[in-house]
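Peer 1: Sending over a structure as structure tokens; questions will come in a sec.
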Amino acid sequence: MALLEIENLVVEFDTAQGPFRAVDGVSLKVDEREVLAIVGESGSGKSVSMLAVMGLLPWTAKVRADRMSFAGTDLLKLDAAERRKIIGKDMAMIFQEPMASLNPSFTVGFQIEEVLRLHMHMDRHQRRERAIELLRLVGIPDPAERLNSYPHQMSGGQCQRVMIAMAIACNPKLLIADEPTTALDVTIQKQILDLLVSLQEKYGMALIMITHNMGVVAETADRVIVQYKGRKMEEADVLTLFENPKSNYTRALLSALPDNATGDRLPTVSDLIFEQAAPAVVTPPMEGPL
Numbered sequence: 032m033a034l035l036e037i038e039n040l041v042v043e044f045d046t047a048q049g050p051f052r053a054v055d056g057v058s059l060k061v062d063e064r065e066v067l068a069i070v071g072e073s074g075s076g077k078s079v080s081m082l083a084v085m086g087l088l089p090w091t092a093k094v095r096a097d098r099m100s101f102a103g104t105d106l107l108k109l110d111a112a113e114r115r116k117i118i119g120k121d122m123a124m125i126f127q128e129p130m131a132s133l134n135p136s137f138t139v140g141f142q143i144e145e146v147l148r149l150h151m152h153m154d155r156h157q158r159r160e161r162a163i164e165l166l167r168l169v170g171i172p173d174p175a176e177r178l179n180s181y182p183h184q185m186s187g188g189q190c191q192r193v194m195i196a197m198a199i200a201c202n203p204k205l206l207i208a209d210e211p212t213t214a215l216d217v218t219i220q221k222q223i224l225d226l227l228v229s230l231q232e233k234y235g236m237a238l239i240m241i242t243h244n245m246g247v248v249a250e251t252a253d254r255v256i257v258q259y260k261g262r263k264m265e266e267a268d269v270l271t272l273f274e275n276p277k278s279n280y281t282r283a284l285l286s287a288l289p290d291n292a293t294g295d296r297l298p299t300v301s302d303l304i305f306e307q308a309a310p311a312v313v314t315p316p317m318e319g320p321l
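Written as structure tokens, this is what we have:
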């Protein structure tokens, strides 16, 4: 059953040079308990698409779609107050920079408990016990003591775990992870990815993983959407995408992986023209900036 359905999503921003279309006609759906990866280079509209769904874009952004429904609710018909009842509770998001996403003026315990106060209406004792349980669940040592820590007193990996704890506090139906391993070292990246997958399986959430890392896609996703310059270039299950990509852009992304490279110089993704159908012959990536 489809949990999230989006048809023909368009997001535009006004700039000094005129309207800029960051997302151009993207359609997608996510089923219950499914892991969907949205992949593409920086600037391809991955994060903007999901921020539009969450209602977290600035008021100057122009968002429209033919359909945007979550768990049978038409998100396009909700006002801000009605959407806030869903966001953070049934649909939650983990942002790219944990150190920038957490408020430096409040303890991590206060910030986790605030989610529980707003959405679960727990009393003070219940909130504290649940916050300790969440920190323990995401692998924070001495969780009761860590409730009193400020973000600057924790490592980047620990702050990301706190962000995950906040996101899953209300047992959401859909969790969106926006580049959840950005700025973390390789060992911590692996731990965070394993944690997300284990929590998704444990609670039966749907998970949308936004990334430009094809290795993350191969390891975590059931299905993949490839985006480029705001458009959806390809959609397939993960095995099909890697074994038989249809889009030249997807092929260029895969050819840029170190394991697939031949010679000393990695190929770069060319400034490709959007394709309506894949050509019979793979076009080699041209050299040039990403």
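Counting in my numbering, the sequence shown runs from 32 upward without gaps.
Where a beta carbon is used, it is the ideal one built from N, C-alpha and C, also for glycine.
Here the structure is a predicted model, which is why all the values come from computation and not from measurement.
Should GLN231 be labelled buried (16 or more other beta-carbon atoms within 10 Å of its own) or exposed?
Peer 2: Answer is buried; the Cβ neighbour count reaches 16.
Peer 1: Under DSSP, the beta strand (DSSP E) around PHE44 begins and ends at which residues?
Peer 2: Note, PHE44: beta strand (DSSP E), 33-46.
Peer 1: Which word fits SER24, buried or exposed, when buried means at least 16 other C-beta atoms lie within 10 angstroms of its C-beta?
Peer 2: Because the chain in this structure spans residues 32 to 321, residue 24 falls outside the shown range and cannot be described.
Peer 1: Helix, strand or coil for MET194, going by three-state DSSP, please let me know.
Peer 2: MET194: helix per DSSP, three-state reduction.
Peer 1: Which of the three DSSP states is assigned to ALA68 in this structure?
Peer 2: Strand.
Peer 1: Count the other CB atoms within 10 Å of the CB of THR281; is the residue buried (16 or more) or exposed (fewer)?
Peer 2: That one is buried.
Peer 1: Looking at C-alpha atoms only, which residue of LEU206, GLN142, ARG159 and VAL228 is the closest neighbour of CYS190?
Peer 2: For CYS190, the nearest C-alpha among the options comes from GLN142.
Peer 1: When the Cα atoms are used, what is the spatial distance from THR212 to GLY187?
Peer 2: For THR212 and GLY187, the distance between alpha carbons rounds to 10 Å.
Peer 1: Less than 7 Å between C-beta atoms, sequence neighbours within five positions excluded: which residues of the same chain meet that for HIS243?
Peer 2: Within the same chain, HIS243 has close Cβ partners VAL70, GLY71, GLU72 and SER73.
Peer 1: Less than 8 Å between C-beta atoms, sequence neighbours within five positions excluded: which residues of the same chain meet that for MET240?
Peer 2: Same-chain partners within the cutoff: VAL66, LEU67, ALA68, ILE69, ALA208, PRO211, LEU227, VAL247, VAL248, THR251 and ALA252.
Peer 1: Excluding five sequence neighbours on each side, which residues of the same chain lie with their C-beta closer than 8 Å to the C-beta of ARG148?
Peer 2: So the list reads ARG158, once near-sequence residues are dropped.
Peer 1: The alpha helix (DSSP H) that contains TYR234, what's its start and end?
Peer 2: Here the alpha helix (DSSP H) through TYR234 covers 217-234.
Peer 1: In the DSSP assignment, what residue or residues form a beta bridge with GLY49?
Peer 2: Its beta-bridge partners are THR46.
Peer 1: Whose C-beta lies closer than 8 Å to the C-beta of LEU88 among residues of the same chain, with five residues either side of it excluded?
Peer 2: Within the same chain, LEU88 has close Cβ partners VAL42, VAL79, LEU82 and VAL94.
Peer 1: Can you tell me which of the three DSSP states ILE125 falls into?
Peer 2: Note: ILE125 maps to strand in three-state DSSP.
Peer 1: CB GLU266 to CB SER278, shorter than 7 Å?
Peer 2: No.
Peer 1: Find the nearest neighbour of LEU205 within the set ALA47, ARG64 and SER58, judged by alpha-carbon distance.
Peer 2: The candidate whose alpha carbon is nearest that of LEU205 is ARG64.
Peer 1: With a threshold of 7 Å on Cβ separation, who are the neighbours of ALA47 within its own chain once the five nearest residues in sequence on each side are excluded?
Peer 2: Within the same chain, ALA47 has no close Cβ partners at all.
Peer 1: I need the straight-line Cα distance from VAL52 to LEU284, nearest angstrom please.
Peer 2: Note on identity: in this sequence residue 52 is Arg, with Val being the wrong assignment. So the alpha carbons of these two residues sit roughly 23 Å apart.
Peer 1: Whose CA, out of ARG254, PRO135 and ARG262, lies closest to the CA of PHE273?
Peer 2: If we check each option's Cα against that of PHE273, ARG254 comes out closest.
Peer 1: Scan the stretch 134-222 and note each continuous beta strand (DSSP E) run of 3 residues or more that stays entirely inside, going in chain order.
Peer 2: If we require 3 residues or more, the beta strand (DSSP E) runs fully inside the stretch 134-222 come out as 205-209.
Peer 1: Ordered along the chain, which non-local residues of its own chain (more than five positions away) have a Cβ less than 7 Å from that of ASP268?
Peer 2: Cβ neighbours of ASP268 beyond the five flanking positions: ASP253 and ARG254.
Peer 1: Which residue marks the beginning of the alpha helix (DSSP H) containing SER286, and which one marks its end?
Peer 2: 279-286 is the extent of the alpha helix (DSSP H) around SER286.
Peer 1: Identify which residue in GLY49, ILE37 and ASN179 has its Cα closest to the Cα of LYS60.
Peer 2: Of the candidates GLY49, ILE37 and ASN179, the one whose C-alpha sits nearest the C-alpha of LYS60 is ILE37.
Peer 1: Is GLU63 helix, strand or coil by DSSP?
Peer 2: Coil.
Peer 1: Can you give me the C-alpha to C-alpha distance between GLU128 and LEU215, rounded to a whole angstrom?
Peer 2: Taking the straight line from one Cα to the other gives about 10 Å.
Peer 1: Measure the alpha-carbon distance for ASP225 versus GLY49 and round it to whole angstroms.
Peer 2: Looking at the two C-alpha atoms, the distance is approximately 43 Å.
Peer 1: Report the CB separation of PHE101 from ILE117 in whole angstroms; it is logged as a contact under 8 Å.
Peer 2: Confirmed, Cβ separation roughly 7 Å.
Peer 1: Using C-beta distances below 6 Å, list every residue in its chain close to LEU109, excluding the 5 sequence neighbours before and after it, in chain order.
Peer 2: So the list is empty, once near-sequence residues are dropped.
Peer 1: ASP105 bridges to which residues according to DSSP?
Peer 2: Answer is SER100, bridged to ASP105.
Peer 1: Nearest CA to the CA of HIS156: which residue from LEU133, HIS150, LEU165 and GLU144?
Peer 2: HIS156 has its Cα closest to that of GLU144, out of LEU133, HIS150, LEU165 and GLU144.
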